[in-house]
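Chemist:
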Amino acid sequence: MRFGLLGPLVVEGTAGAMPLKSRKGRLLLGALLLRANETVPTAGLLDALWGDAVPPTARASLQNHVARLRGLFGAAEQERIRTTASGYLIRVETDELDTEEFRRRADDARRARLARDWEAVSAEADAALRLWRGRPLEDLPSLAEADTADTFQHALENSRLQLRSWRAAAELRLGRHHDLVPELTSWAAEHPLAEELQRDLMTALLHDGRRAEALDVYGRLRLRLSEELGVDPGAAVQEVYLQALAEDAPAGLERQAPPAARRRAEPTPSSPTAAAADASGVAAALAGPPVRCQLPAEARAFTGRAAEVERLLGCARQAADGEETGWAVVAAVDGMAGVGKSALAVHVAQRVRADFPDGQLFVDLRGWTPSAAPMTTAEALDALLRALDVPPQTIPRDPAERAVQLRDRLAGTRTLIVLDNALSSAQIRPLLPATSRCLVLVTSRKRLTGLDDSHAVSLRVLSEAESLTLLRRVAGAERVPAEQPEARELAALCGFVPLALRIAAAQLRRRRSLRLTDLVERLRDEHHRLPRLDQLDGSDAGDALAAEPEERGLSAVFATSFTALPAAEQRLLTLLARTPGTDVDAPAAAALLGGDGVTAEQLLDSLLDQNLLTQHVPGRYGFHDLIRLYCREPRQWDAVEHDAALDRLLTHYAHGAEHAATQLRRWPRAVPTPCPDERGAGAGAGAGSGSDKGPGSGIAGEARVGDRSAGPGWGRVAGWAEESALAWMRAERENLLASARLAVGDGRPAHRVPVGIELALALAPLLHQEGPLADAADLLRACAEAARDAGDRFGRAECLTELGRIHMQRGDFADAHRAHEESLTLYRAQGARLGEANAIYERGCVHLFSGDYAAAVPLLEQCLELYREIGSDLGQANALFQLGRAYRLTGDLSRGGERGERALELYVALGKRWGEGHVLCDLARVRQLSGELRAAVELGERALAAFRAIDNHLGEATACQALGRIHQDLGEPAAATGLFERALRLFRAMAAEQAVARSLWDLGRVRLSAGDPESAASLHEQSLAIFLASGNRNGEANARHDLGRARHALGRAAEAAELLTQARSLFHDLGDPHGEAEVLNSTGALRSAVSGPESALPCYEEALRLARRVPSPLEAARALEGLGRAHASLGDAAQAVTELREALALYRHIGAVPAAQAAEALLSEFSD
């Protein structure tokens, strides 16, 4: 296939152009092609397609547009557009996309220009320019105007202008000036301020004997520049102007050049004009003398870095074309060892060397070279002056005088200087020219913050796509198949570091018997990964620029950075390397060091500046994987100090987690009084019952994690609000999980087990709310086993209680029952009444959620009484809330609403916004079933606002689900769909299977009402499978009911009838009259369609009886409408009108507008 962006968007297949008429489809394809072979985030695609007016159904529409694009490409190209975790990616080869071919030919033209192969320059530039069919994406202006596309177009336009200039210069050197004039005239008119094109047009006209026209071009250019920019033409244009004046000018013609041209024309030892003065003709003037070029050869297979290259090219353009400012243009590239800083600097320097005709200098400052000391300022100045042909005997001894001599030598020149491997800003400053026409590229492992006004370019590791490209280029495409999963794993094992990737690829290239899978298997072993990436032969990496100078192995590269650190920074780095988790903040580092937070932050920032740590968000510091492995090596650390530091860190995390958990915990907690280091066999006997009489109270067990003051900085969080606690817990989630696993894992020291249990219990509220639930279950199971092994009965009971909650949320009801039964036994054996109440409450919840309402109610009533006796307001609120749900689900809306209102009062008094939100959701459902749909919407929106105010994802998803169902009853499918899709995304992120199943069921109902029974059936089948696997009978009943409705709509009446019969039986056994009434209404519709209206009457009559008993006005209205339609078909118009009028009144009362309109339309037929 072929894709075109250089003009209107085009797609071509083997049979020619493919029609893509949909504007949204063209926008989607254009947005993907702008970032070909990279993931484009979903949010970016939504913005490209809809701008600021993204509809609620945008994500579903986006999926449809992607599917249509795939269909357009054909079956053989289905994998070309890939779905990734965060968006979509289109895969294209270099020769399939015109912009990539344009870049490739531009690079070929550049290389030919450096080789002075003018025929090749002209041919490649011409081929590249012919690819343009107009302005890029000119048929998609909204996409072309986006920031990303604007940068993309700007870079392409600049390259196009450069190629035009190169082609013109090549044609002039080949003597084809006559044929070039028309083309140059057109280009010059298109770019009236482009001095290079105007100069080339003047030169072509002079060669063609059209001197007057050449002078006229100069006059127009000078006028435009003066009026629009307030400047004169540059020196290169004025030199050609001087040539034009010198050719047989008539007597009396003024031959004096403008001042700038006179300064440029004064001969100096290194000035191109000096050579031009002795040469004849314009071509000789353009050629100039040979200049000093010290640049190393460019790295073979240089890959990626498009954004960084463009930034550095922008610096080069600023130096080559900008006004004189009195200081050089400096770009400082920093990054970790082996990331490819030198390769990038040399790549850019080779691309722009022609723009700096007075010299291209390269100095290795040896900042991180193991075999030599860093170059002194005096040595660096000496090297630069000698490179500029200054006689050694005239170079001063004093470094300050040398710096003055260097600035003088470079004044008025266009010189490129690469200062590689710099140690510090102080090493660089004396080497900088004092003219803005010079470009200085600096590379360093440190961030050179002391270079004023420099352009900082921080180099990160390659992307996955760039890493795969580099592997394939070095090893050979056949050795690293892009579609093989091991290729991506190899890139990840190399940390996406260019040096490591080159070493691995070189091993594959050199050792033909070594398979990709073998190499990946070897590198999976962390203990031997670095040695396997320490190459023995310097040629293996492809070229010298693959690594820092004189370094060929990763260990050697990292060693030069590590050994240069002060002792305090080395100590912190080695301690961090062996800590659990992914990153740290300053207080955690202070705990490791046993010091204060200010000192720790200073050390962290210093390591960050030296690119030995990373910072993905402000205040949090992480490692690159390979540097972490190096710092973990035994020679770098002391085991005794590490163990003591780890204990301090675990205590720090335990303090922070418990502080946060006091705000996030949703259940009252009773804890024994001993600290973690005091807990052991038999701990927990006589545990207190605890109480919770106000906001922030309810836990008596802070002593379990020791003295608060033991954790650095915890005084600052004593008054944490829920939002702050949630933010801290989210930031530390992975660290807390890893720390807890370490503390209770195999080979654990006994004194760490209680801290690990404490961490897990503190984490449980967040994991319950946001997941991942599988990780939570694994951790709590390990903690329960560790507590059993330690003889900690109370700790085991607590872990089992939390584990049972997670099992229930995942739909593992049998495992949840077993966990709560054992915890109840343990609590009772220790006389822990609050623990006993909690276990009974949880057992009631499991019965409730699995649909066994009859068993749930007495358990919830029992725990409610226990909570009252103990004095736990939070426990009472929770029990009342679940009782309200149970009564509502059994059709007792009055008692359900009353229990909910009492629970709401308690949650408000306790300041528990999450509790308010959940009760409001349930009260909204009560109002919905009572037919008060507008009141239900108001309650649902209050619930959603409460959850969003505290950033509670689980609650937000629950509220979205509740609101969606109300909007569906109101006949507002678009609003319902958006809410259901949001809930589904949130539930899936938490891996909450039961909630996911309910969301799939909700979406299926909307799809059916929108006339898409096939999609609805698929969604209901998915939800039914989840409900069946977990034993959720209420969910099963709902899924079977609506799957039956979908089968009916698809014309599969027998299957529909069986499903509806099964659903009614389940609802009847559950004691859910509302669900039974719903099924009866659906059965009536099916019988009416299959067997005639008379057979439907009993179903509608029974549905009406049940709906009035609940009461459920909506189902009553549906039953009355069904009866009215049936009687109308049977010819009983009077009865039909009566029933339809009653149905219409109910629909209007509850606000079900579309249903009311349908009933009204049916009634109008009788009046007609």
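To convert, note that position 1126 of the sequence shown is 1170 in our numbering; the numbers rise steadily by one, no gaps. The C-beta atom is built at its ideal place from N, Cα and C for all residues, glycine as well. Everything numeric in this text was worked out from a predicted model, so none of it was measured.
Is the beta carbon of Leu1174 within less than 8 Å of some heavy atom of the ligand GTP?
Modeler: By its list of ligands, the structure shown contains no ligand whatsoever, and the ligand GTP lies outside what it can speak to.
Chemist: Considering only residues of the same chain and omitting the five flanking positions on each side of Val761, which have a CB-CB separation below 6 Å?
Modeler: Its pLDDT being 46, under 50, Val761 is placed unreliably by the model, and the measurement read from it follows with that caveat. Same-chain partners within the cutoff: His703.
Chemist: Among the candidates Ala1003, Asn1125, Cys359, whose CA atom is the shortest distance from the CA of Val396?
Modeler: Answer by Cα proximity: Cys359.
Chemist: How big is the Cα-Cα spacing for Val524 and Leu106?
Modeler: Going by the C-alpha atoms only, they are around 33 Å apart.
Chemist: Which of the three DSSP states, helix, strand or coil, is assigned to Leu53?
Modeler: Note: Leu53 maps to coil in three-state DSSP.
Chemist: Give me the residue from Gly666, Gly641, Glu613 with the minimum Cα distance to Thr623.
Modeler: Of the listed residues, the one whose Cα sits closest to Thr623 is Gly666.
Chemist: Below 8 Å, can you find three or more Cβ-Cβ pairs linking the region 426-444 to the region 609-621?
Modeler: As far as the Cβ criterion goes, the region 426-444 does not touch the region 609-621, which means the pair count is below three.
Chemist: At what residues does the beta strand (DSSP E) containing Val408 begin and finish?
Modeler: Per the sequence shown, residue 408 should be read as Asp rather than Val. Residues 404-408.
Chemist: Going by alpha carbons, who is nearest to Leu269 out of Gly935, Leu237, Leu245?
Modeler: Ranking Gly935, Leu237, Leu245 by Cα distance to Leu269 puts Leu237 first.
Chemist: State the Cα-Cα distance for the pair Leu1052 and Asn108, rounded to the nearest angstrom.
Modeler: In a straight line, the C-alpha of Leu1052 is about 18 Å away from that of Asn108.
Chemist: Tell me the rounded alpha-carbon separation between Arg713 and Ala104.
Modeler: Cα to Cα, Arg713 sits roughly 43 Å from Ala104.
Chemist: May I ask you to report which of helix, strand or coil DSSP gives Ile994?
Modeler: DSSP places Ile994 in coil when its eight states are reduced to three.
Chemist: Would you mind reading off the limits of the beta strand (DSSP E) that contains Ser488?
Modeler: Residues 483-488.
Chemist: Measuring alpha carbon to alpha carbon, tell me which residue in Gly263, Gly1048, Asp402, Val501 is nearest Val374.
Modeler: Minimum Cα distance to Val374 is reached at Val501.
Chemist: When the Cβ atoms of the region 1144-1156 are set against those of the region 1104-1122, are three or more pairs found closer than 8 Å?
Modeler: Contact holds: three or more Cβ-Cβ distances are below 8 Å.
Chemist: Comparing C-alpha positions only, which one of Ala1019, Ala1036, Gly1095 sits nearest to Asp1056?
Modeler: The shortest Cα separation from Asp1056 among Ala1019, Ala1036, Gly1095 belongs to Gly1095.
Chemist: Let me make sure I understand the geometry here. Which of Pro435, Ala288, Leu807, Leu71 has the alpha-carbon closest to that of Ala769?
Modeler: When each option's Cα is compared against that of Ala769, the closest is Leu807.
Chemist: Considering Phe117, what are the terminal residues of the alpha helix (DSSP H) in which it resides?
Modeler: Unbroken alpha helix (DSSP H) run through Phe117: 102-117.
Chemist: Could you give the first and the last residue of the continuous alpha helix (DSSP H) run that contains Leu64?
Modeler: First-last for Leu64: undefined, no H or E at that position.
Chemist: If the criterion is Cβ atoms closer than 9 Å, does the pair Leu503 and Asp378 meet it?
Modeler: Cβ distance < 9 Å, so Leu503 and Asp378 count as in contact.
Chemist: Going by beta-carbon coordinates alone, are Glu1025 and Leu1047 separated by less than 9 Å?
Modeler: A contact, by the Cβ cut-off of 9 Å.
Chemist: Kindly identify the DSSP beta-bridge partner or partners of Cys337.
Modeler: Bridge partners of Cys337: Gln404.
Chemist: Which first and last residues belong to the alpha helix (DSSP H) in which Gly641 is found?
Modeler: It spans 641-653 - the alpha helix (DSSP H) in which Gly641 sits, taken as one unbroken run.
Chemist: Pick helix, strand or coil for Ala328, following the three-state DSSP scheme.
Modeler: Here Ala328 scores only 34 on pLDDT, less than 50, and its place in the model is too uncertain to base an answer on.
Chemist: Do you know whose CA, among Thr845, Asp836, Ile801, Gly835, lies nearest Ala1294's CA?
Modeler: This structure does not reach residue 1294, given that the chain is present from 45 up to 1212, and the question cannot be answered.
Chemist: On a CA-only basis, which of Thr934, Glu960, Gly935 is nearest Gly944? Give me that one, please.
Modeler: When each option's Cα is compared against that of Gly944, the closest is Glu960.
Chemist: Terminal residues of the continuous beta strand (DSSP E) containing Gly131?
Modeler: Residues 131-134.
Chemist: Mind checking which residues open and close the beta strand (DSSP E) that includes Ile28?
Modeler: Residue coverage of the chain in this structure runs from 45 to 1212, which leaves residue 28 outside it and unanswerable.
Chemist: My guess is that Ala1001 and Leu973 are in contact by the Cβ rule of under 8 Å, so how many angstroms apart are they, rounded?
Modeler: No, Ala1001 and Leu973 are not in contact; Cβ-Cβ is about 21 Å, not under 8 Å.
Chemist: Whole angstroms is fine: what's the gap from Ala389's alpha carbon to Val505's?
Modeler: In a straight line, the C-alpha of Ala389 is about 15 Å away from that of Val505.
Chemist: Where does Ile439 fall in DSSP's three states?
Modeler: Reduced to three states, the DSSP call for Ile439 is coil.
Chemist: In terms of residue numbering, what span does the beta strand (DSSP E) encompassing Gln874 cover?
Modeler: From DSSP, Gln874 is part of no beta strand (DSSP E); its letter is neither H nor E.
Chemist: If you draw a straight line from the alpha carbon of Gln206 to that of Thr493, how long is it in whole angstroms?
Modeler: Computed Cα separation, rounded: 33 Å.
Chemist: Taking just the CA atoms, how far does Glu982 sit from Cys1143?
Modeler: Distance between the alpha carbons of Cys1143 and Glu982 is about 34 Å.
Chemist: Taking three-plus beta-carbon pairs below 8 Å as touching, is the region 644-654 in contact with the region 605-616?
Modeler: Yes, since at least three Cβ pairs between the region 644-654 and the region 605-616 fall closer than 8 Å, the two stretches touch.
Chemist: What does DSSP give as the partner residue(s) for Asp687 in the beta ladder?
Modeler: Partner(s): none; Asp687 has no beta bridge.
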